[in-house]
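Chemist: My questions will all concern the structure given below.
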Amino acid sequence: MPSRQHSRTRLALYSAAAVAGAVVIAYLALPYVLAVWLQSALTGQGFSDVRIHLGYPGLQQLVVHQLDLTSRRGGRTFQFSAHTMQLEYDFAGLLTGRLKRLHVPEATLRVTAAAPMDQTRAVRPPAPVTIPMPGEWIAVFPLQELDVDRVVIEWREDDQSPFVGTVRGTARRDTDHLQTRWTLAQNSRPRYEFEFDLAADGALNAALYRSVAPKAPLLRATVSVTPEARDAVAIHGSLDAQLKPLMPLLAPWLALPPSVTGLDGQLKANWHGTMPGTLPATGASILHGSHFTGRVLLDVLVARAASMLQDGQLHLDAGVESHDTTLHWRIRQTLRLSAYLNPGLLAFSGNAAAPFVRTPKPLLIRAPHGLSGELAIDPTEVRITVAPATPIVIEQLQAPAAVVPALTATLTRAARISYRPASAQWETGLVALTMQAPIIQPHYAEIGTLDDLTVSAVLGAGPLNRLPPLNIEESAVTLLGGRVQAHGIRYDGKHDSQFSIDIAHLDLARVVALEQQQGIEASGLLDGHLPVTFTPRGLIITDGRLQAQAPGGVIRYQGTDRVREMAATNPNLKLVLNALGNYHYDKLDVGVDYAEGGELVLRLGLTGRNPDWNAGQPIHLNVSINENIPILLRSLQIADDISVEVEKRMKERSRPTP
């Protein structure tokens with residue numbers, strides 16, 4: 012009997028030792044088993060390059076020595092790494108999936124442009140995810156407390172300077188609320204405080220503060236999320252943001268160029284709508300199948316945008332409606348944009364980088380109620396489309412040679428403008444429009460005004476830092492009583508362009524009156540055709556012609572005071588004045604040539620008579636005029652040059668033959 016009892020005791024000891032050994036082995040293997048399980052779960056959610064190193068669990072604590080993982084979303088790669096995280100728990104909480112506290116002393120998050128996917132590498136696609144309601148968000152959050160001491164964020168966009176900042180914060184959960192507070196710091200930039208409060212009834216309140224003024228929110232947002240029928244959720248929300256203090260935080264993501272300075276203003280928005288209750292797999296937009304309507308109020312100030320504009324102001328009040336990833340907008344009231352625009356943008360130099368020249372008055376653009384279009388945003392591009400047919404009024408347009416008090420532009424087809432954050436590049440597609448201006452005021456006031464301008468033009472696609480290729484299909488303007496029309500104007504700043512200018516019913520009386528000199532007047536109407544070549548170096552006119560309409564007209568030249576004084580003692584000069592005192596011409600032809608350097612050559616031929624002198628005998632005149640001045644100034648001198656040349660020729664002809 013003693014030996015049998017001794018055997019039982021020994022068997023019990025062996026069994027206990029085996030159990031203890033199994034427990035020890037299980038304990039020793041537990042970190043590995045848990046790491047494999049977590050790695051599999053994270054990989055199933057679309058994460059890659061997952062590495063986990065766990066410590067041995069204690070009664071109330073587990074140390075995560077290493078956690079590395081990578082995610083690709085929205086054209087970017089997110090790489091997260093953390094070390095020596097401490098997880099606190101109790102056994103009662105473990106049974107219900109509740110952990111007391113997670114402490115993250117140090118972590119890094121690197122965001123870069125995603126490299127092309129390796130098609131040969133098998134990656135398990137993530138499954139669609141059902142959006143939990145706010146109450147479920149709180150319920151599934153496994154921690155009562157989360158404390159993050161420091162996360163270094165490095166966000167790099169291609170060749171741009173990276174954004175580098177640090178984040179620290181806390182999260183606290185109770186039965187009905189999840190509250191978090193985070194601090195973002197950047198080197199030599201303000202620190203920001205972010206508060207987030209989620210309630211089980213679906214209400215979300217978020218606010219962003221500068222740490223130096225925590226009582227004045229820079230951004231405040233409220234969102235309500237509630238379930239809808241047919242696997243959808245209803246979302247209501249509002250947003251109020253101050254732009255200027257947010258710029259240091261947003262600039263790295265917006266990739267604003269350094270030339271844009273002094274950005275300020277306010278954004279207000281509200282919206283409501285529905286979206287699917289299930290998020291798609293990676294690669295599809297989370298907005299697919301969503302529908303929202305709302306209103307946006309935007310007031311923006313821009314102190315300077317390179318050499319393009321200064322003191323820009325934008326006021327926008329628009330209704331919006333979104334379908335999937337496209338936002339449809341419509342102006343509720345008048346859109347107003349004012350700025351001091353550099354006139355060099357409108358010069359045919361093809362370069363908008365010239366030094367800024369401030370104009371006397373700002374440019375003003377007004378778009379009426381009903382102007383509409385679309386806004387589409389994806390990770391690589393922002394596209395704005397404007398629908399055609401609605402007129403846009405531009406006031407106080409300062410061009411290099413003239414002022415346009417009011418210009419009405421109407422798109423004949425939809426126009427598109429896009430912005431690529433990676434290159435900080437604004438670009439336009441083809442812009443087809445018609446323009447009308449009741450009056451244009453040239454800087455040379457003597458020329459009078461240009462009236463009833465109409466233009467049908469197409470601006471080519473290209474970056475906005477240069478004048479895009481221009482194709483003016485038709486243009487016309489009333490000038491000096493006549494109508495001037497041009498056809499087929501093409502300009503790109505690189506190649507020669509040939510087109511023609513047709514002139515009809517130009518009033519010779521108004522042409523002569525430009526000089527505003529006493530003693531000469533004329534009548535008649537001029538028609539003409541000017542072949543023009545537009546080159547990067549200047550304008551060329553070759554074999555242009557102007558002709559007087561039948562039956563011709565009258566030129567009356569009384570001479571200046573000096574000429575009349577000379578005629579009183581010079582019989583020959585008196586004959587000249589008598590001949591031109593009432594000169595009726597029936598033919599007036601002008602040949603026109605203009606060179607790139609500004610050399611204007613006019614060849615004037617006149618045939619007519621003076622019925623009050625010498626029995627109306629025919630008088631033939633041929634005059635050549637050469638000047639090397641800009642064409643606008645040239646037009647102001649033509650009348651005087653003609654009178655001087657006529658005086659000279661008549662003096663020569665009136666001299667007695669030796």
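Residue numbers for the sequence shown follow this note's numbering, so the first one is 12 and each next one is one higher. Even for Gly, the Cβ is constructed at its ideal location relative to N, Cα and C.
(1) Quick check on DSSP: helix, strand or coil for Ile642?
(2) Out of Thr237, Asp623, Asp604, state which residue places its alpha-carbon closest to the alpha-carbon of Arg614.
(3) Grouping DSSP H, G and I as helix and E and B as strand, with all else coil, what is Ser51?
(4) Beta-carbon within less than 7 Å of Ala398's beta-carbon, same chain only, minus the 5 sequence neighbours each way: which residues are those?
(5) Output the boundary residues of the alpha helix (DSSP H) element that contains Thr573.
(6) Could you please give me the residues that DSSP links to His498 through a beta bridge?
(7) Tell me the DSSP bridge mates of Leu375?
(8) Using CA coordinates, which residue listed in His188, Thr237, Gln253 is at the minimum distance from Ala218?
(9) Can you tell which of Glu204, Gln197, Asp187, Arg167 has the C-alpha that lies nearest to the C-alpha of Gly180?
(10) Between which residues of its own chain and Gln648 is the CB-CB distance below 7 Å, once the five residues before and five after are set aside?
(11) Any idea if Asp633 is buried or exposed, counting beta-carbon neighbours within 10 angstroms, 16 or more meaning buried?
(12) Touching or not, the region 305 to 314 and the region 322 to 341, by the rule of three or more beta carbon pairs under 8 Å?
(13) Would you decide whether Asn621 is buried or exposed? Buried here means 16 or more other CB atoms lie within 10 Å of its CB.
(14) Opposite His506 in the DSSP bridges: which residues?
(15) Looking only at its own chain, which residues have a Cβ that is under 7 Å from the Cβ of Glu485, when we skip the five neighbours before and after it?
(16) Which residue comes first and which comes last in the alpha helix (DSSP H) that contains Pro145?
(17) Does the separation of the CB atoms of Ile403 and Ile428 fall below 8 Å?
(18) So what's Ala524 in DSSP terms, helix, strand or just coil?
(19) Buried or exposed: which applies to Tyr596, given that a residue is buried once 16 or more other Cβ atoms fall within 10 Å of its Cβ?
(20) Got a sec, what are the start and stop residues for the beta strand (DSSP E) Asp623 sits in?
(21) Keeping to the same chain, check which residues put their C-beta closer than 6 Å to that of Asp623; ignore five residues upstream and five downstream.
(22) Below 8 Å on the Cβ atoms is my guess for Ala118 versus Ala93; work out the distance and round it to an integer in Å.
(23) How is the beta strand (DSSP E) around Glu532 delimited, first residue to last?
(24) Is it the case that the Cβ atoms of Leu461 and Leu490 are separated by a distance below 8 Å?
(25) From this set, Gln447, Thr421, Gly471, Thr423, which residue's C-alpha is nearest Thr439's C-alpha?
(26) Using only the alpha-carbon positions, how far apart do Arg167 and Leu120 sit?
(27) Which of helix, strand or coil does DSSP assign to Ala590?
(28) First and last residue of the beta strand (DSSP E) that includes Thr2?
(29) Are there 16 or more other CB atoms within 10 angstroms of the CB of Arg241, so buried, or fewer, so exposed?
(30) Report yes if the CB atom of Leu154 is closer than 8 Å to the CB atom of Arg184, and no otherwise.
(31) Going by Cα to Cα distance, which pick from Asp160, Thr194, Gln197, Ser235 is closest to Gly213?
(32) Any contact between the region 441 to 455 and the region 411 to 423? By contact I mean 3 or more CB pairs, one from each, below 8 Å.
(33) Quick check on Phe545: does DSSP put it in helix, strand or coil?
(34) Using DSSP bridges, identify the partner residues of Ala118.
(35) Spatial neighbours of Ala227 within its chain, please: CB distance less than 8 Å, with the 5 preceding and 5 following residues excluded, ordered by chain position.
Modeler: In this structure, then:
(1) With a pLDDT of only 48 at Ile642, under the threshold of 50, the placement of this residue in the model should not be trusted; the figure read from the coordinates follows. Three-state result, Ile642: helix.
(2) Asp604
(3) helix
(4) Ser383, Gly384, Ala425
(5) The question names Thr, but residue 573 in the sequence shown is Arg. Looking at the DSSP string, the run of the alpha helix (DSSP H) that includes Arg573 is 572 to 580.
(6) Glu485, Ser511
(7) Ser349, Glu406
(8) Gln253
(9) Glu204
(10) For Gln648, the pLDDT reaches just 48, beneath the cut-off of 50, and the residue's location in the model is therefore unreliable, leaving the point undetermined.
(11) Correcting the residue identity first, residue 633 is Asn in this sequence and not Asp. Looking at its Cβ environment, which holds fewer than 16 other Cβ atoms inside 10 Å, Asn633 is exposed.
(12) yes
(13) buried
(14) BP columns for His506 are empty, so no partner.
(15) Ser467, His498
(16) 145 to 151
(17) no
(18) helix
(19) buried
(20) Unbroken run through Asp623: none, as it is neither H nor E.
(21) Asn593
(22) 4 Å
(23) 531 to 533
(24) yes
(25) Gly471
(26) 11 Å
(27) helix
(28) Summary: the structure shown does not reach residue 2, with the chain confined to residues 12 through 669, and so no result is reported for it.
(29) exposed
(30) yes
(31) Ser235
(32) yes
(33) strand
(34) Ala93, Val162
(35) Tyr220, Arg221
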